[in-house]
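FYI, the numbering for the sequence shown is 28 to 308, going by my numbering.
Here a beta-carbon is modelled for each residue, glycine too, at the ideal position from N, C-alpha and C.
Treat the numbers as computed from the prediction; the structure is a model and nothing was measured.
First the structure, in the form of structure tokens, and then the observations on it.
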Amino acid sequence: MRIAATASDLRREIAGLPRPLVLVPTMGALHEGHLALVRRARQAAGPQGSVAMSIFVNPIQFDRPGDLAAYPQPLEDDLEKCRQTGVDLVFTPETGAMYFPDRSITVTESLLSTHLCGATRPGHFDGVCTVVLKLFNLFQPDSAVFGEKDVQQLAILRRMVRDLDVPVEIIGHPTVREPDGLAMSSRNVRLSPGHRADAPRIRRALEGARSLLQFGERAAAPYLAAARKHLEDSPFLRIDYLELVDAETLQPVGHIKKPAVLATAVFYGDVRLIDHVSLLP
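Okay, structure coming up:
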């Protein structure tokens with residue numbers, strides 16, 4: 028497995044890799060969800076292609092300094108997981124290798140980011156789009172794999188490559204979950220035992236609300252009310268947002284006429300978790 032820490036080293040290593048090249052961008056603290064993305068990338072690359080991963084905790088996408096400071100960074104453990112999973116190249120830059128001190132260019136999306144995480148985390152998706160476009164320019168991959176847990180991020184990145192004519196195929200991978208239903212996240216390790224035991228209610232709340240579909244319910248309000256009641260029964264969590272949005276535009280809807288998404292973000296203490304379910308009328 029090759030490892031590069033600077034842009035010049037990365038370009039040199041990439042030159043020797045067979046194509047197609049499939050990229051898995053991450054912020055490290057790898058878990059089974061990330062490794063599932065690697066396996067999907069290997070499938071896309073085929074037996075003759077290459078799989079690359081970036082491990083970079085991107086400071087410009089964090090809206091809370093405390094969240095950035097607390098984000099786990101077990102690099103040596105991450106690299107060992109990459110070796111065991113068959114990653115061909117890992118890029119592990121420091122912040123100074125990714126951003127000039129006087130950088131003045133930011134990539135901004137202005138429609139899909141107006142609700143959900145975009146509304147409660149100002150500047151977050153500017154940071155995501157900027158770093159992902161930089162990674163695409165550095166790696167020049169044929170495709171890139173992202174998890175569907177962050178449904179808004181996936182939609183925004185697909186819009187970015189469409190609108191900016193970036194020649195990279197975006198591949199989504201279904202959310203990977205713990206046995207009790209909690210969506211896998213690098214932040215899960217920061218949950219206290221009590222919070223971790225309570226956190227599966229996020230999935231239960233969303234699934235319980237989705238069950239209204241079988242009764243023909245199409246108004247958004249009952250879905251939001253059902254999910255909110257279950258979430259608010261917790262003595263631990265605080266709701267950051269709970270919205271029902273159109274699956275394509277990510278704008279709130281009053282009635283479900285087309286595919287929609289019921290999405291939430293909650294806080295357990297200072298740990299923020301997200302999840303969603305799809306609603307198909």
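So who's on the other strand from residue i, going by DSSP bridges?
i      : result
Thr53  : Ile82
Leu300 : Val293
Pro279 : Val272
Arg265 : Phe294
Ala248 : DSSP output for Ala248 lists no bridge partner at all.
Ala31  : Phe118
Ala146 : Paired residues: none, contrary to the question.
Phe163 : In DSSP, Phe163 forms no bridge with anything.
Val158 : BP columns for Val158 are empty, so no partner.
Val172 : Ile198
Out of the options, state which residue places its alpha-carbon closest to the alpha-carbon of residue i.
i      : options                        : result
Ser35  : His142, Leu165, Arg185, Ile82  : Leu165
Ser140 : Thr133, Ile132, Pro149         : Pro149
Lys176 : Ile229, His200, Gln278         : His200
Leu269 : Ile132, Ala246, Val293         : Val293
Thr135 : Glu205, Val158, Ala246, Ala290 : Val158
Val65  : His142, Gly76, Met80           : Met80
Gln100 : Thr112, Cys109, Phe83          : Phe83
Asp273 : Leu289, Asp129, Phe263         : Leu289
Arg130 : Phe118, Lys161, Leu143         : Lys161
Val195 : Asp169, Arg185, Leu181, Gly60  : Asp169
Leu191 : Pro206, Arg217, Gln75, Phe163  : Phe163
Pro262 : Asp225, Pro308, Val78          : Asp225
Val49  : Gly296, Val114, Leu240, Gly60  : Val114
Pro206 : Gly221, Arg186, Arg217, Arg231 : Arg231
Leu143 : Gly60, Asp302, Arg29           : Asp302
Tyr295 : Thr276, Arg29, Leu264          : Leu264
I believe residue i touches residue j by the beta-carbon criterion, under 8 angstroms. Please report the beta-carbon distance rounded to the nearest angstrom.
i      : j      : result
Gln88  : Val155 : 5 angstroms
Val304 : Glu234 : 6 angstroms
Ile41  : Leu116 : 7 angstroms
Val203 : Ala72  : Going by Cβ atoms, the distance from Val203 to Ala72 rounds to 20 angstroms, so no, they are not a contact pair.
Arg46  : Gly93  : So it is not a contact: roughly 42 angstroms between Cβ atoms.
Leu184 : Phe118 : Actually they do not touch by this definition, with Cβ atoms about 18 angstroms apart.
Fill in: Segments assigned beta strand (DSSP E), at least 3 residues, entirely inside the stretch 176-220
DSSP runs (the beta strand (DSSP E)) wholly in the stretch 176-220: 196-200.
Item to complete: Mind the definition here: the stretch 101-108 touches the stretch 122-136 only if three or more C-beta pairs lie below 8 angstroms; say whether that holds.
Response: The stretch 101-108 is not in contact with the stretch 122-136.
Worksheet item: Okay, do the stretch 47-57 and the stretch 203-221 touch, 3+ Cβ pairs below 8 angstroms being the bar?
Response: The stretch 203-221 and the stretch 47-57 touch, with three or more beta-carbon pairs separated by less than 8 angstroms.
Item to complete: Please go through the stretch 101-134 and give each complete alpha helix (DSSP H) segment of 4 or more residues, from N-terminal end onward.
Response: DSSP runs (the alpha helix (DSSP H)) wholly in the stretch 101-134: 102-112, 122-125.
Discussion item. Does the contact criterion of 3 or more C-beta pairs under 8 angstroms hold for the stretch 280-288 versus the stretch 240-250?
Written reply: Put simply, the stretch 280-288 touches the stretch 240-250. At least three CB pairs are less than 8 angstroms apart.
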